[in-house]
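Notes for the one structure printed next.
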Amino acid sequence: MTALLSLRGVTKRFGGLVAVNRMDFDVTEHQVLGLIGPNGSGKSTTLNLISGAFPVTSGAISLRGQPITHLAAQDIARRGVARTFQLVRLLPSMTVLQNVKAGAVFGHRRHWGHEADAVAEAMLEKVGLAGRGHMMVGQLTYIDTKRVELARVLAGEPGVVLLDEWLAGLNPTELEEGIRLIRGLRDEGRTVILVEHVMDAIRSLCDRCVVMAAGTKIAEGTPAEVLSDAAVIRAYLGDDDDA
Amino acid sequence: MSALSSRDWGNLSLCAIALAIAACLPWTAGAYGLSIGVTIAMYTALATSWALFSGPTHYISLASAAFFGVGTYVTGIGIQYLPYWTLLPIAGVAGAVMAALVGLATLRLSGVYFVIFTLGLAEFVRQIITWSQNISGTKGIYVLTSIGEMHIYWQLLGLAALVWLLGWLIGRSRLGFALRIIGDDEAVARHSGIDTARAKILLFMVPGAVAAITGAVLAPRYVYIEPSLAFSPMLSFQVVIMALLGGTGRLWGPLVGVIPFTFLWEAISVSFPNQTTLLLGVCFLVIVYLLPKGFVGLIDLANKRMRSAEGYV
Chain Y
1 MTALLSLRGV TKRFGGLVAV NRMDFDVTEH QVLGLIGPNG SGKSTTLNLI
51 SGAFPVTSGA ISLRGQPITH LAAQDIARRG VARTFQLVRL LPSMTVLQNV
101 KAGAVFGHRR HWGHEADAVA EAMLEKVGLA GRGHMMVGQL TYIDTKRVEL
151 ARVLAGEPGV VLLDEWLAGL NPTELEEGIR LIRGLRDEGR TVILVEHVMD
201 AIRSLCDRCV VMAAGTKIAE GTPAEVLSDA AVIRAYLGDD DDA
Chain W
244 MSALSSRDWG NLSLCAIALA IAACLPWTAG AYGLSIGVTI AMYTALATSW
294 ALFSGPTHYI SLASAAFFGV GTYVTGIGIQ YLPYWTLLPI AGVAGAVMAA
344 LVGLATLRLS GVYFVIFTLG LAEFVRQIIT WSQNISGTKG IYVLTSIGEM
394 HIYWQLLGLA ALVWLLGWLI GRSRLGFALR IIGDDEAVAR HSGIDTARAK
444 ILLFMVPGAV AAITGAVLAP RYVYIEPSLA FSPMLSFQVV IMALLGGTGR
494 LWGPLVGVIP FTFLWEAISV SFPNQTTLLL GVCFLVIVYL LPKGFVGLID
544 LANKRMRSAE GYV
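So the sequences go chain by chain: Y and W.
Heads up, the first sequence is in our numbering, so the first residue is 1 and it goes up one at a time.
Heads up, the second sequence is in our numbering, so the first residue is 244 and it goes up one at a time.
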């Protein structure tokens, strides 16, 4: 199967710190890829590099065989790579519907007027917020702010969805619902890259996982394979000698 | 762009009637009344166009005087070679191009650097003109035309109406929506697919063009133009104060600030002619502390309280 999104030797340096070091991985269509690893291992930075939030120091990123390495964030979004943020970012002066409409108007597939409203309404329904479009985002609960952010991302009809710890901080019932939502994305033909710490979610959602530690890829495979990998266990729990 | 609702038609008709009434001022007011009318029309055009950009983006521009001054010099120099009417679009293009260049250079910077740069811009252009005048040995320029106060008023009124129309159209457009998103969270805007630099530069060209045209229209009124008059930083501050006093959240907000401030400023200029700058600073502080969202914010708050009070009945 050909890769939808490829990273080759992607490196990011912040001064003397190498945050991401020669990352290589491919994501094929209709796949959920988990990007996992201990805190500070470079997962979110990798998402930031893919989405164009930071410039890449060296290496190449391509989407459907086309290079996107040096494109600006808005151009990457327009090509169909959309993201959520580790700390939810909504548009505070706008209603829930307008927040979602931002994705529908400026995303991968662009709509305007009533058409954009209809797309935004449909996305709100999909994430379980039907009929709440008139609310201001400040009135929402935490899980609902996450839903709005996801609806905004989906309203642009992206091919690749980048979720940065989208399941973090949810209670067990919400988590179950969140997992169902993400699985639904794959079932409708989207590709998802997931930065996540919730192991249950990783096991039940991911087709493949890439494990990072200190900016480097240390393992890649199915969730079962990587979670039993000695190097991964060491990265999470430390060496016996460390004690 | 979506079709007009009956409410839109109502608002448009109301604006057209108000404009027609305002256009009758030269026949009903005396010379003093007309000069106040010119000031109000001038600052309405300037403050409304300023708010179109600075309202949604929260970038405080102090460049009005730079564009305004360039406009006065377009008329001052151009009137010797070209008919007056051709100078207004030339001034508009000059202001827009200058704004685009400033935007390209500065809009990637964060807010405070932008403020300082725009303030310095007016001074920079003023110094260049002063320097070139020193070299050529001239001091100022005479603008001698048959254009009267009445014609200047009508032109400014027409310009203010155009700015309103443009603002209304932008508010209904993708660009207007993009600007509101940028004002809320620029990172979200970029990752949603908005070319933030392009949107900001496009909109910054509006106050640039409008201020330059305003300067070009007012040049015949000054008769004698010199850099300290054309590039007065006071103008930039007054535009900001009036727009903030009215509120930038609505298209009509700046007008609500311009009218009372013009009368207040008249009173200050007459009673305390030597303390105007000091009192301008005091006005700025009072507005920022007491009315951070201007009169528009007060009206919105009152409406909200009324609605919630009704809800409890």
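In this text, a Cβ means the ideal position worked out from N, Cα and C, and glycines have one as well.
None of these values were measured; they are calculated from a predicted model.
- Within its own chain, the residues whose Cβ lies closer than 8 Å to the Cβ of W/G354, once the five positions on either side in sequence are excluded, are H301, Y302, I303, listed in chain order.
- For Y/R89, the C-beta contacts it makes with chain W under 8 Å involve D428, A430, V431, in order along the chain.
- Judged by DSSP in its simplified three-state form, Y/C209 adopts strand.
- Classified as buried, W/Y316 has 16 or more neighbouring CB atoms from the shown chains inside 10 Å of its CB.
- Around the CB of Y/I182, 16 or more other CB atoms lie within 10 Å, so the residue is classed as buried.
- Within the same chain, P470, F474 come within 6 Å of W/R369 by CB-CB distance, once the 5 residues on both sides are set aside.
- Within its own chain, the residues whose Cβ lies closer than 7 Å to the Cβ of Y/V88, once the five positions on either side in sequence are excluded, are T145, K146, E149, listed in chain order.
- Remark: three or more beta-carbon pairs, one from each stretch, lie closer than 8 Å, so the region 526–544 of chain W and the region 478–487 of chain W are flagged as touching.
- Annotated as distal: W/L362 and W/P463, with beta-carbon spacing of 9 Å or more.
- Taking CB atoms only, W/I437 has a neighbour in chain Y less than 9 Å away.
- Put simply, the CB of Y/H197 is far from chain W, with every gap to its CB atoms at 9 Å or more.
- Boundaries of the beta strand (DSSP E) harbouring Y/I193: 191–195, taken from the DSSP string.
- Of all residues in the region 413–426 of chain W, those with a C-beta nearer than 8 Å to a C-beta of chain Y are R417, F420, A421, R423, I424, G426, reading in chain order.
- Closer than 9 Å to the CB of Y/P55 there is not a single CB belonging to chain W.
- When the alpha-carbon of Y/V32 is set against those of Y/G159, Y/T45, Y/Y142, Y/A102, the nearest one is in Y/G159.
- Under DSSP, Y/G34 forms a beta bridge with Y/L194, Y/C209.
- DSSP places Y/R109 in no beta strand (DSSP E); its state is neither H nor E.
- Any Cβ of chain Y closer than 9 Å to the Cβ of W/H434 would place that residue at the interface, and such an atom is present.
- When the beta-carbon positions are compared, W/V386 and W/I333 stay at least 9 Å from each other.
- W/F296 has its alpha-carbon roughly 10 Å from the corresponding atom of W/A290.
- For a Cβ distance threshold of 9 Å, residue set S435, G436 of chain W lies close to Y/G156, ordered along the chain.
- In the displayed model, Y/R132 falls within coil according to three-state DSSP, outside both helix and strand.
- The beta-bridge partner set that DSSP reports for W/T505 is empty.
- For Y/L5, the uninterrupted beta strand (DSSP E) segment begins and ends at 3–14.
- Residues of chain W whose Cβ lies closer than 7 Å to the Cβ of Y/W112 are, in chain order, R417.
- Put simply, the CB of Y/R83 is near chain W, with a gap under 9 Å to one of its CB atoms.
- By the C-beta density criterion, W/G276 is exposed, having fewer than 16 other C-beta atoms within 10 angstroms.
- Partner residues in a beta bridge of W/K547, as assigned by DSSP, do not exist.
- When secondary structure is reduced to three states using DSSP, W/Y302 falls in the coil class, being assigned neither helix nor strand.
- Per DSSP, the continuous alpha helix (DSSP H) segment holding W/G489 begins and ends at 476–489.
- Approximately 7 Å separates the beta-carbon atoms of W/E509 and W/I279; this is inside 8 Å, confirming the contact.
- A straight line joining the alpha-carbon of Y/S58 with that of Y/V20 spans about 10 Å.
- W/L522 carries a helical assignment under DSSP once its states are collapsed to helix, strand and coil.
- For Y/K146, the three-state secondary structure derived from DSSP is helix.
- Here Y/S62 carries a strand assignment [DSSP, helix/strand/coil].
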